[in-house]
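Data block below; observations after.
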Amino acid sequence: MSTPLDNALNCLRDDVRAMHAYQVHSAAGLLKLDAMENPYRLPQELQQALGERLGQVAINRYPAERVQDLARALAAHARMPADKGLMLGNGSDELISLLAMAICKPGATVLAPVPGFVMYELSARYQGLRFVGVPLTADFELDESAMLAAIARDQPALIYLAYPNNPTANLWDPATIERIVQAAPGLVVMDEAYQPFASRDAMDLLARYPQVLVMRTMSKFGLAGVRIGYLMGDAELVHQIDKLRPPYNISVLNAEAGLFALEHADVYERQAAELRHERAQLQSALAGLPGVQVFPSEGNMILIRVPEANALHADLKSRGVLVKNVSGMHALLAGCLRLTVGTPEENAAMLAALQGALGSA
Ligand code: PMP
Numbered sequence: 010m011s012t013p014l015d016n017a018l019n020c021l022r023d024d025v026r027a028m029h030a031y032q033v034h035s036a037a038g039l040l041k042l043d044a045m046e047n048p049y050r051l052p053q054e055l056q057q058a059l060g061e062r063l064g065q066v067a068i069n070r071y072p073a074e075r076v077q078d079l080a081r082a083l084a085a086h087a088r089m090p091a092d093k094g095l096m097l098g099n100g101s102d103e104l105i106s107l108l109a110m111a112i113c114k115p116g117a118t119v120l121a122p123v124p125g126f127v128m129y130e131l132s133a134r135y136q137g138l139r140f141v142g143v144p145l146t147a148d149f150e151l152d153e154s155a156m157l158a159a160i161a162r163d164q165p166a167l168i169y170l171a172y173p174n175n176p177t178a179n180l181w182d183p184a185t186i187e188r189i190v191q192a193a194p195g196l197v198v199m200d201e202a203y204q205p206f207a208s209r210d211a212m213d214l215l216a217r218y219p220q221v222l223v224m225r226t227m228s229k230f231g232l233a234g235v236r237i238g239y240l241m242g243d244a245e246l247v248h249q250i251d252k253l254r255p256p257y258n259i260s261v262l263n264a265e266a267g268l269f270a271l272e273h274a275d276v277y278e279r280q281a282a283e284l285r286h287e288r289a290q291l292q293s294a295l296a297g298l299p300g301v302q303v304f305p306s307e308g309n310m311i312l313i314r315v316p317e318a319n320a321l322h323a324d325l326k327s328r329g330v331l332v333k334n335v336s337g338m339h340a341l342l343a344g345c346l347r348l349t350v351g352t353p354e355e356n357a358a359m360l361a362a363l364q365g366a367l368g369s370a
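Anchor point for the sequence shown: position 356 equals 365 in the working numbering, and the numbering is continuous, going up by one each time.
Pasting the structure below:
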């Protein structure tokens, strides 16, 4: 005899029931260097001013004009060309879901280099789309001929290029990217989540190719908890995708906090500059550790390869430091850990823990 709960569960998609849920691990009591957050808060007086601003917001009303103000302020901040369109997401994670929904026709394919950001594949699976992952080369560059062959074979409706890539943290060759854009039969999303820390961006491609969309987020800027992502591209293309957005996806508090942050963009830009400086310091310190290979970074994270990634990850945790173990994510990442760049004090603590763990290994 099936119960009403069985009946309800049986109405759910079999593939959904077979999935693992996305896990957010608790970092309670640990130095949290696993998720590329900006370690800096606002200076005390600005934090207080933000609190006062949020205290004035009419939370009894649905979000309206302030969300439009935020969209305009982000377009200006990104120096988006005036003829392009911009849509807002509850983090770029939501935009990635909406993009999958927008291209969801029978047999449609999403293509991205792997290893890459896991939500490209998961969002495709959530919609029952096909995902094709094209391996990077051993040094994490785009494999241009493999990418072009996969594009010709699979005719992807949507290609993601994370620029810089997560978790490898590097930027790819612009000429290769342009040839991929030219070969693409559909949309190409340049995911610039780590743009505040990178030496190049894709705004010139956005200006020249209507199939190119640039996706950014305020998360790495310093507002990971607020959840604001934005997608810029051809106005008609963005208008069509925007139809799928839940009407009030940006809360009044998020919109106000985002606007406040942009009014104080200079503070966040100084923090990003500080983190770029810290990244360089950390890279050279890591390179001096025995058995550690350090990869180049254009983000606020550093990928390293170590002799015993699983053991080292556990050892670091026992020493109070949480980093991301990406060694099981893809064969190309064997032995790899991803470290978020923190404050000078946090980085020193991570280095000391690494030194201790490597010494005792
Ligand atoms: N794109 C990339 C490449 C990322 O690494 C992340 C998160 N780490 C995101 C998008 C999602 O960012 P958010 O949803 O916080 O905007």
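Cβ atoms here follow ideal geometry from the backbone N, Cα and C, with glycine treated the same way.
To the nearest angstrom, how far is it from the Cα of residue i to the Cα of residue j?
i: Glu201; j: Val119; result: 18 Å
i: His34; j: Asn334; result: 12 Å
i: Ser154; j: Asn258; result: 40 Å
i: Pro194; j: Pro183; result: 19 Å
i: Phe206; j: Val143; result: 25 Å
i: Glu150; j: Met156; result: 11 Å
i: Arg26; j: Gln57; result: 45 Å
i: Met241; j: Met227; result: 14 Å
i: Ala323; j: Gln32; result: 18 Å
i: Met338; j: Val141; result: 15 Å
i: Tyr277; j: Leu196; result: 31 Å
i: Arg75; j: Arg254; result: 17 Å
i: Ile112; j: Gln164; result: 13 Å
i: Arg70; j: Lys252; result: 22 Å
Based on the DSSP output, what are the partners of residue i in its beta bridges?
i: Asp3; result: In the structure as shown, the chain starts at 10 and stops at 370, and residue 3 therefore has no counterpart that could be examined.
i: Met310; result: Thr349
i: Thr226; result: Gly238
i: Val123; result: Pro144
i: Gly98; result: Gly238
i: Asn334; result: Leu346
i: Ala171; result: Asp200
i: Gln302; result: Arg314
i: Val276; result: The partner list for Val276 (beta bridge, DSSP) is empty, contrary to what the question assumes.
i: Leu40; result: Val330
Once you ignore the five residues that flank residue i on each side, which residues in its own chain have a CB closer than 8 Å to its CB?
i: Ser260; result: Pro72
i: Asp78; result: Ala264, Leu268
i: Ala147; result: Leu341
i: His273; result: Leu51, Leu55
i: Arg88; result: Met212
i: Pro373; result: Because the chain in this structure spans residues 10 to 370, residue 373 falls outside the shown range and cannot be described.
i: Ala244; result: Asp92, Lys93, Gly94
Residue i and residue j look like a contact to me (Cβ under 8 Å); what is the Cβ gap, rounded to whole Å?
i: Asn47; j: Gly125; result: About 22 Å separates the two Cβ atoms, so there is no contact after all.
i: Ala178; j: Leu312; result: 5 Å
i: Arg236; j: Gly60; result: Going by Cβ atoms, the distance from Arg236 to Gly60 rounds to 18 Å, so no, they are not a contact pair.
i: Leu214; j: Val190; result: 6 Å
i: Asn432; j: Leu284; result: Outside the displayed range of the chain (10 to 370) lies residue 432, so it cannot be described from this structure.
i: Leu145; j: Pro122; result: 5 Å
i: Gly238; j: Glu103; result: 7 Å
i: Glu307; j: Leu170; result: Glu307 to Leu170, Cβ: 14 Å. No contact.
i: Met128; j: Ile105; result: 5 Å
i: Leu325; j: Leu291; result: Between Leu291 and Leu325 the Cβ distance is about 15 Å, and since that is not below 8 Å, they are no contact.
i: Ser132; j: Ala117; result: Wrong, their Cβ atoms sit about 12 Å apart, outside the cutoff.
To which residues of the same chain is residue i closer than 6 Å at the C-beta, ignoring the five residues directly before and after it?
i: Ala233; result: Glu46
i: Gly351; result: Leu42, Pro48
In chain order, what residues of the same chain lie with their CB nearer than 7 Å to the CB of residue i, ignoring the 5 residues before and after it?
i: Glu287; result: Val350, Pro353, Asn356
i: Asp152; result: Val143, Pro144, Leu145, Thr146
Cβ of residue i versus every heavy atom of ligand 2: is any distance shorter than 6 Å?
i: Ala158; result: Ligand 2 is absent from the structure shown, which contains only ligand 1.
Should the region 321-331 be regarded as contacting the region 357-370, the criterion being three or more beta carbon pairs within less than 8 Å?
-> yes
Contact the region 246-257 vs the region 87-97: 3+ CB pairs below 8 Å | yes
If we count Cβ pairs, one from each stretch, closer than 8 Å, do we get three or more for the region 303-320 versus the region 333-349?
-> yes
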